[in-house]
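Participant: The structure under discussion is supplied below as structure tokens; questions concerning it will follow.
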Amino acid sequence: MVKHKTCVFISGKGTNLKNLIHCSRDSSFPITISLVISNKKKAEGLNFAKIYKIPYMIIDTNFKNYEIKTLLFLKKYKISFICLAGFMKIISNNIIRSFEKKIINIHPSLLPKFKGLNTFNRVLSNKEKKTGCTVHYVTNKLDAGQIIVKKRFYLDSDENELTLKRKTQKLEYRAFPEAIIKTFRNT
Ligand code: GRF
Numbered sequence: 017m018v019k020h021k022t023c024v025f026i027s028g029k030g031t032n033l034k035n036l037i038h039c040s041r042d043s044s045f046p047i048t049i050s051l052v053i054s055n056k057k058k059a060e061g062l063n064f065a066k067i068y069k070i071p072y073m074i075i076d077t078n079f080k081n082y083e084i085k086t087l088l089f090l091k092k093y094k095i096s097f098i099c100l101a102g103f104m105k106i107i108s109n110n111i112i113r114s115f116e117k118k119i120i121n122i123h124p125s126l127l128p129k130f131k132g133l134n135t136f137n138r139v140l141s142n143k144e145k146k147t148g149c150t151v152h153y154v155t156n157k158l159d160a161g162q163i164i165v166k167k168r169f170y171l172d173s174d175e176n177e178l179t180l181k182r183k184t185q186k187l188e189y190r191a192f193p194e195a196i197i198k199t200f201r202n203t
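Note that the sequence shown covers residues 17 to 203 in the numbering used here.
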């Protein structure tokens, strides 16, 4: 089986990255992680790239040429698929266009509810009964691309932001690999 060379974009802890690296070690999993990109020099998740000897690069999205640089790196590593795993910047239109239907993102809510940031806080203040996570294709509209996988759970009465994050991320570690498998099922 030929694995699709994938780049994972991160900004923070990278626990989803770590999970995807583990999944990709399975010979039947459709992707291999060939590159990690972070917009934060100090992103903890970069340690996983170092530990697993995956090439990584840091981009400064404030620089105008970041997009060209990113596209060149994606080309250099023959990347054909992109996973956004906690990447806290909007991906530029040119990159989205070059990877149409080949970029997916994981979001910590049941989209289309609670697009954008501060999700857990908004879920609590809105007194939601259930929440979860969504994996979707990335388009030029924020958190609005076609949904691939959604996973949900019911909130307990004493839920806070920390417990919500813990429960949501536990579901993310199942949802992201499932979405990747689904994406490549018919290719
Ligand atoms: C995840 O909860 C994801 O839904 C959101 O950012 C978080 C990243 O977590 N987009 P991690 O860096 O993978 O631990």
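Don't be surprised by glycine CBs; every beta carbon is placed ideally from N, CA and C. Note that the structure is a prediction, hence the values are computed from the model and not measured.
#1: Just the Cα atoms here: how many angstroms apart are Val-24 and Ile-49?
#2: Can you tell me which of Ser-108, Ala-101, Phe-64, Lys-94 puts its alpha carbon nearest to the alpha carbon of Asp-76?
#3: Skipping 5 residues on each side, what residues in its chain have a beta carbon closer than 6 Å to that of Ser-54?
#4: Out of Lys-19, Pro-124, Thr-31, Lys-94, state which residue places its alpha-carbon closest to the alpha-carbon of Thr-147.
#5: I'd like the span of the alpha helix (DSSP H) that includes Ser-114, first residue to last.
#6: From which residue to which residue does the beta strand (DSSP E) around Ser-54 run?
#7: On a CA-only basis, which of Thr-179, Glu-175, Leu-187, Asp-174 is nearest Arg-168? Give me that one, please.
#8: Does the distance from the CB of Ala-101 to the CB of Phe-200 come in under 9 Å?
#9: Going by other Cβ atoms of all chains shown within 10 Å of its Cβ, with 16 needed for buried, is Val-18 buried or exposed?
#10: Going by the DSSP bridge assignment, what does Tyr-153 pair with across the sheet?
#11: Quick check: does the Cβ of Lys-181 come within less than 8 Å of any heavy atom belonging to the ligand GRF?
#12: Using only alpha-carbon positions, find the residue among Pro-128, Lys-129, Tyr-82, Phe-103 that is nearest to Asn-110.
#13: With 16 other CB atoms within 10 Å as the buried threshold, where does Ile-106 fall?
#14: Among the residues of its own chain, which have a CB less than 8 Å from the CB of Ile-37, if the five just before and after it don't count?
#15: Ignoring anything shorter than 3 residues, give me the beta strand (DSSP E) runs that lie fully in the stretch 135–180, in order along the chain.
#16: Take the Cβ of Pro-46 as the centre, count every other Cβ of all protein chains shown within 10 Å, and call the residue buried at 16 or more, exposed below.
#17: Per DSSP, what are the beta-bridge partners of Tyr-72 in this structure?
#18: Does the Cβ of Tyr-72 have 16 or more other Cβ atoms within 10 Å, making it buried, or fewer, making it exposed?
Facilitator: Once the coordinates are examined:
#1: Position 8 of the sequence shown, counted from the first residue, corresponds to residue 24. Position 33 of the sequence shown, counted from the first residue, corresponds to residue 49. Looking at the two C-alpha atoms, the distance is approximately 7 Å.
#2: On the sequence shown, position 60 is the one that residue 76 refers to. Out of Ser-108, Ala-101, Phe-64, Lys-94, Ser-108 has the C-alpha closest to the C-alpha of Asp-76.
#3: Position 38 of the sequence shown, counted from the start, is the residue given in the question as residue 54. Ile-26, Leu-62, Ile-74.
#4: Taking the first residue of the sequence shown as 1, we reach residue 147 at position 131. The shortest C-alpha separation from Thr-147 is found at Pro-124.
#5: On the sequence shown, position 98 is the one that residue 114 refers to. Residues 109–114.
#6: Within the sequence shown, the letter at position 38 stands for residue 54. Going by DSSP, Ser-54 is part of the beta strand (DSSP E) stretching over 47–54.
#7: Sequence index remark: in the sequence shown, residue 168 carries index 152 (1-based). Selected option, being the one with the closest Cα: Leu-187.
#8: As a working note, residue 101 is residue 85 in the sequence shown. As a working note, residue 200 is residue 184 in the sequence shown. For Ala-101 and Phe-200, no; Cβs fall outside 9 Å.
#9: What you label residue 18 is simply residue 2 of the sequence shown in a count that begins at 1. If you draw a 10 Å sphere on the C-beta of Val-18, you find fewer than 16 other C-beta atoms in it, and that means exposed.
#10: As a working mapping, residue 153 is identified with position 137 in the sequence shown. Under the DSSP definition of a beta bridge, Tyr-153 partners with Ile-120.
#11: Here residue 181 refers to the residue found at position 165 when the sequence shown is read from its first residue. Yes, the ligand GRF has a heavy atom inside 8 Å of this Cβ.
#12: Taking the first residue of the sequence shown as position 1, residue 110 is located at position 94. Comparing Cα-Cα distances from Asn-110 to each of Pro-128, Lys-129, Tyr-82, Phe-103, the minimum goes to Tyr-82.
#13: Here the question's residue 106 lines up with position 90 in the sequence shown. Exposed, by the Cβ-count rule.
#14: As a working mapping, residue 37 is identified with position 21 in the sequence shown. Taken in chain order, the residues that qualify are Ile-49, Phe-64, Tyr-68, Ile-70.
#15: When DSSP assignments are scanned along the stretch 135–180, the uninterrupted stretches of beta strand (DSSP E) that are 3 or more residues long and fall wholly within it turn out to be 146–153, 163–170.
#16: Counting from 1 along the sequence shown, the entry for residue 46 is found at position 30. Classification of Pro-46: buried, given that the 10 Å Cβ count is 16 or more.
#17: The residue labelled residue 72 in the question sits at position 56 within the sequence shown. Answer by DSSP bridge pairing, in chain order: Val-52.
#18: By one-based count along the sequence shown, residue 72 stands at place 56. Burial call: buried.
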